[in-house]
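Colleague:
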Amino acid sequence: MAETLTATSEDIAVELTPSKASPKPGKLFIGGEFVDALSGKTFETRNPATGAVITDIAEAGTEDVELAVRAARKAFEDGSPWRKMSPRDRSRALWKLAELIRQNADELSELETLDTGKPIFESSKFDIPQAAECFEYYAGWPTKIAGETIANTAGGEALVYTLREPIGVCGQIIPWNFPLQMLSWKVAPALACGNTIVLKPAEQTPLTALRFAELTLEAGIPAGVFNVVTGFGPTTGAAMVSNPGIDKIAFTGSVEVGKEIMRTAAGTLKRVSLELGGKSPNVVFADADLETAAKYALGGIFFNQGEMCTAGSRIFVEEAGYDAFMSVLRSRAQKMVAGDPLHPKTRLGALISEEHLNRVLNYVAVGKEEGANVAIGGTRIGSKGYFMKPTVLEGVTNQMRVAQEEIFGPVASVIKFKDIEEGIREANNSQFGLAAAIWTRDVKKAHNVAKRIKAGTVWINTISTTDNAVPFGGYKASGFGRELGRAAIDLYTETKSVWVDLNQ
Ligand code: NAP
Ligand code: MG
Numbered sequence: 004m005a006e007t008l009t010a011t012s013e014d015i016a017v018e019l020t021p022s023k024a025s026p027k028p029g030k031l032f033i034g035g036e037f038v039d040a041l042s043g044k045t046f047e048t049r050n051p052a053t054g055a056v057i058t059d060i061a062e063a064g065t066e067d068v069e070l071a072v073r074a075a076r077k078a079f080e081d082g083s084p085w086r087k088m089s090p091r092d093r094s095r096a097l098w099k100l101a102e103l104i105r106q107n108a109d110e111l112s113e114l115e116t117l118d119t120g121k122p123i124f125e126s127s128k129f130d131i132p133q134a135a136e137c138f139e140y141y142a143g144w145p146t147k148i149a150g151e152t153i154a155n156t157a158g159g160e161a162l163v164y165t166l167r168e169p170i171g172v173c174g175q176i177i178p179w180n181f182p183l184q185m186l187s188w189k190v191a192p193a194l195a196c197g198n199t200i201v202l203k204p205a206e207q208t209p210l211t212a213l214r215f216a217e218l219t220l221e222a223g224i225p226a227g228v229f230n231v232v233t234g235f236g237p238t239t240g241a242a243m244v245s246n247p248g249i250d251k252i253a254f255t256g257s258v259e260v261g262k263e264i265m266r267t268a269a270g271t272l273k274r275v276s277l278e279l280g281g282k283s284p285n286v287v288f289a290d291a292d293l294e295t296a297a298k299y300a301l302g303g304i305f306f307n308q309g310e311m312c313t314a315g316s317r318i319f320v321e322e323a324g325y326d327a328f329m330s331v332l333r334s335r336a337q338k339m340v341a342g343d344p345l346h347p348k349t350r351l352g353a354l355i356s357e358e359h360l361n362r363v364l365n366y367v368a369v370g371k372e373e374g375a376n377v378a379i380g381g382t383r384i385g386s387k388g389y390f391m392k393p394t395v396l397e398g399v400t401n402q403m404r405v406a407q408e409e410i411f412g413p414v415a416s417v418i419k420f421k422d423i424e425e426g427i428r429e430a431n432n433s434q435f436g437l438a439a440a441i442w443t444r445d446v447k448k449a450h451n452v453a454k455r456i457k458a459g460t461v462w463i464n465t466i467s468t469t470d471n472a473v474p475f476g477g478y479k480a481s482g483f484g485r486e487l488g489r490a491a492i493d494l495y496t497e498t499k500s501v502w503v504d505l506n507q
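To convert a position in the sequence shown, counted from 1, into the working numbering, add 3.
1. Rounding to the nearest angstrom, what Cα-Cα distance links Ala289 and Ile441 in this structure?
2. Do the segment 232 to 244 and the segment 76 to 83 touch if we need at least three Cβ pairs shorter than 8 Å?
3. Please check the pair Leu97 and Tyr141, which I expect to be a contact at CB under 8 Å, by giving their CB distance rounded to whole angstroms.
4. Keeping to the same chain, check which residues put their C-beta closer than 8 Å to that of Thr146; ignore five residues upstream and five downstream.
5. What do you reckon, are the CB atoms on Asn246 and Val72 nearer than 8 Å?
6. When every heavy atom of ligand 1 is checked, does at least one fall within less than 7 Å of the C-beta of Cys312?
7. Does the Cβ-Cβ distance between Leu437 and Thr313 come in under 8 Å?
8. When we look at the beta-carbon of Ala52 and count the other beta-carbons within 10 Å, is it buried (16 or more) or exposed?
9. Go ahead and label Leu8 buried or exposed: buried means 16 or more other beta carbons lie within 10 angstroms of its beta carbon, across all protein chains shown.
10. Determine whether the beta carbon atoms of Asp67 and Leu31 lie at a separation below 8 Å.
11. With a threshold of 7 Å, establish whether the CB of Ser257 neighbours any heavy atom of ligand 1.
12. Would you mind sorting Asp130 into buried or exposed? The rule is 16 or more other CB atoms within 10 Å of its CB.
13. Closest to Leu345 by C-alpha separation, out of Gly64, Glu115 and Gln106, would be which residue?
14. Counting only the same chain and skipping the five closest in sequence on each side, list residues whose C-beta sits under 6 Å from that of Val461.
15. In the DSSP assignment, find the alpha helix (DSSP H) that holds Ser187 and state where it starts and stops.
16. Can you tell me where the beta strand (DSSP E) with Ser276 in it begins and where it stops?
17. Please classify Asp470: does DSSP put it in a helix, a strand, or coil?
18. Report yes if the CB atom of Val287 is closer than 8 Å to the CB atom of Glu321, and no otherwise.
19. Which of the three DSSP states, helix, strand or coil, is assigned to Asn230?
20. According to DSSP, is Thr498 part of a helix, a strand, or is it coil?
21. Do three or more CB pairs link the segment 265 to 279 to the segment 481 to 492 at distances below 8 Å?
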């Protein structure tokens, strides 16, 4: 990943590439139809590279959410086309969705880049293909979901077996950093298990979810199985979480909203799974291949402008390797420039919004006040669009706010450590536990440290890779529940135990 982060121009191209896509105004997708919000209200989605409005999007209120939930409930009921669909046909429908994503990949990539500001290179090589692969992976599951027979330990003659059943109507609330990919991580396993869905994309990035909604009809997913309600978190999102017709909420986003969702979901005892970001340590030992470690450290923090829940935002470097590692990191970071997201050579795009850019810039100021040194970057680029220089803070200690709070932007905090014990202790000294990376040539050290790091994913001599077959999720404040792989099948099914008395 790090190799792809090369310079394109001194600054942002003044003339941005004209977009070929012209998104229609976005409507709600309820019961297989595109409809306006009952209130008629709309909001704007903007292009972060220019700040210009792309199109208007319907704003769902409580009543619209209720209609979507009813459509999803009806589609889930016994006797509905979805419930009657065999696992084999469900599998085919998921595979068809993957094919349709691939057939429409150019358009989806462009929509994703327009809405998020991420480079088209990333949308077209990463986000969109990975979404298709996620549907391909879960297309294999409907025919393999099975319960088990269990020996009865209490004596007596009984047959006990379990059934794996879909949970029902799943409310899925996703963020703006990887819109279609986050959709695929939630929608593909939920459909594989036979659930129905009400999805809320982030207000900043609704376009690919709406285009995907059209594809579900083409793929033969029955009306009402997949619904999209666009709108704002505190209104549309909150209406989903409190709606008694939704059986489960799956959420990816901030810690604060995650807590709020848990509190509200308690009212109706919904199942909840949360993926809440992190402050992932990237621990570089002096015996590592320091050049490779430095190259990958850049990808770990600057891919997707650092707007990544797994971003390796705390770079811990063992003192003995500090100078060698930092000279590579500094010289490569210096060469990275942000550019027009639609230009195929751009490797660093725009941040999601002006508000978010200001939040990230404020963290640079906070870091300076705390005594960190801005070694690279630290400032906005130009005044059009929300571009920022890749930023490296040195002289950071793990107690500073820039080391403890999620910045969610292109800001790396570099922290020195003395030895293995201090490295592990400080890496774990965080409210978060989503991911961690370790760099060393010592096999024993690598596995021992991996064991002692409190995180849902540990990378050894690599960073930021995920795979549809590999469980993903957090320890501690990074949330709970595991997405992807077989783990997501557990997340989207209930287990029912059936007892049959066989006593004569
Ligand atoms: P957020 O507010 O947590 O938003 C995530 C999703 O939840 C969005 O769809 C949002 O809707 C919705 N939402 C917001 N308030 C809600 C509520 N009360 N009830 C139900 N749903 C609600 O995150 P954000 O504002 O996009 O970003 C803020 C910070 O969150 C970031 O700076 C970063 O630290 C973290 N974040 C983490 C991840 C991750 O992958 N773990 C992703 C994105 C952000 P609207 O956006 O439409 O209002
Ligand atoms: Mg937008």
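Where a beta carbon is used, it is the ideal one built from N, C-alpha and C, also for glycine.
Modeller: The short version:
1. If you take the alpha carbons of Ala289 and Ile441, they lie about 11 Å apart.
2. The answer is no - the segment 76 to 83 does not touch the segment 232 to 244, with fewer than three Cβ pairs under 8 Å.
3. Contact check for Leu97 and Tyr141: beta-carbon distance about 6 Å, within the 8 Å limit, so the pair qualifies.
4. These residues qualify, in order along the chain: Pro90, Arg91 and Ser94.
5. Yes.
6. Cys312 Cβ: within cutoff of ligand 1.
7. Leu437 places its beta carbon less than 8 Å from that of Thr313.
8. The residue is buried, with at least 16 neighbouring Cβ atoms inside 10 Å.
9. Model confidence at Leu8 stands at a pLDDT of 37, short of 50, so the residue's coordinates are unreliable; what they give is reported in the following sentence. Label assigned to Leu8: buried.
10. Yes. Within cutoff.
11. Set against 7 Å, the gap from the CB of Ser257 to the closest heavy atom of ligand 1 is smaller.
12. The residue is buried, with at least 16 neighbouring Cβ atoms inside 10 Å.
13. Considering only Gly64, Glu115 and Gln106, the residue with the shortest C-alpha distance to Leu345 is Glu115.
14. Correct list, in chain order: Ala439 and Ala453.
15. Annotation for Ser187: the continuous alpha helix (DSSP H) segment containing it runs Pro182 to Ala195.
16. Where Ser276 is concerned, the enclosing beta strand (DSSP E) starts and stops at Arg274 to Glu278.
17. Taken through DSSP and simplified to helix, strand or coil, Asp470 comes out as coil.
18. Against a cut-off of 8 Å, the Cβ pair of Glu321 and Val287 comes out as a contact.
19. Residue state for Asn230 is assigned as strand, using DSSP reduced to three classes.
20. The DSSP-derived three-state label of Thr498 is strand.
21. As far as the Cβ criterion goes, the segment 265 to 279 touches the segment 481 to 492, which means the pair count is three or higher.
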